[in-house]
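Counting with UniProt numbering, you get residues 1 to 210 for the letters of the sequence shown.
Take a look at the structure set out below.
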Amino acid sequence: MAPAACSDLQSHAESHLESQPESHPESHLESQPESQFQSQSQFQSHPQGFAQGFAQLTHTRKPPSPPLTAACSPAEPAPASDLLARYALHSLARQASRVDPQGLRKKLRKSYKGHIADLPGRNDIPRDAFLRDLLARPDALFDSVSLDPGLVNIANFTFIAGPVPGFDSSLLGLDDHDHDPQNDRESSASPARDGAPRKKKKACPPPFLL
């Protein structure tokens, strides 16, 4: 083949290759959506070239975080320290303590006895002796009291033996008043099964007469 023909064929091939889009090994990434990768114009505009820009965009995963190496500071204030002295709470603790400085247990915390325990003598609350004093009074004090005559006349009354006039004894719910008195007398007169006569039941008086 003539040299002129070879040069024409080589120039034609170079022009054909320039018109074709640039191919790269990662051709399978062309099928991915554009939302995951930027356009080719952005790759070409990268100052360090297409390869470095593509590698930077594809490696989007963050590297694993290093292990925590921060040292924990000790607790402040220390639990083993004297917190009462640190915050000046000794006086308040003595007031609320159940034991006094001598080691004796306080009987009542919210009573005046704790405040007068260091005083000399003995303080005992006397018991109420109203009933005892009332019974110990002589009869002359009661006999000398004049009574109201009207009250005496009202209190001086008696009941005639028999039922109370106008009072229904069945309202009391007593068994003795639920039966006929004639039947009660007959049952009391009849002998018992064991041969001993039955005792007649004693009628219970109304409650207001007790």
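Glycine residues also receive a C-beta, built at the ideal position from the N, C-alpha and C atoms.
Values in this document were obtained by computation on a predicted structure and should not be read as measured data.
Residue i versus residue j - alpha carbon distance
i	j	result
G166	L172	14 Å
D100	A93	11 Å
R127	Y112	18 Å
R98	G121	23 Å
A85	I125	40 Å
L141	A161	37 Å
T69	Y87	34 Å
H90	S81	14 Å
C72	S65	19 Å
G103	H115	16 Å
P63	P79	41 Å
H46	S11	In this predicted model, H46 has a pLDDT of only 48, less than 50, meaning its place in the structure is not dependable; the value taken from the coordinates is given anyway. The alpha-carbon atoms of H46 and S11 are separated by roughly 31 Å.
F130	R137	11 Å
D148	I154	10 Å
D143	L135	14 Å
F157	G150	12 Å
D118	R132	34 Å
P67	A96	49 Å
R105	D139	50 Å
Inter-residue CB distance, residue i and residue j (contact presumed, cutoff 8 Å)
i	j	result
S169	P163	7 Å
L83	P74	About 15 Å separates the two Cβ atoms, so there is no contact after all.
Outcome for residue i when other beta-carbon atoms lying within 10 angstroms are tallied against a minimum of 16
i	result
S146	exposed
P3	Its pLDDT being 49, under 50, P3 is placed unreliably by the model, and nothing is read from it.
Near the ligand MG: residue i beta-carbon under 7 Å from a heavy atom
i	result
P67	Of ligands this structure carries none, so the ligand MG is not represented either.
At what residue ranges does the stretch 72-103 contain a whole run of the alpha helix (DSSP H), taking only runs of 4 or more? 83-86 and 90-96
Just to confirm the assignment: which complete alpha helix (DSSP H) runs, minimum length 4, are found wholly within the stretch 124-148? 130-136 and 139-143
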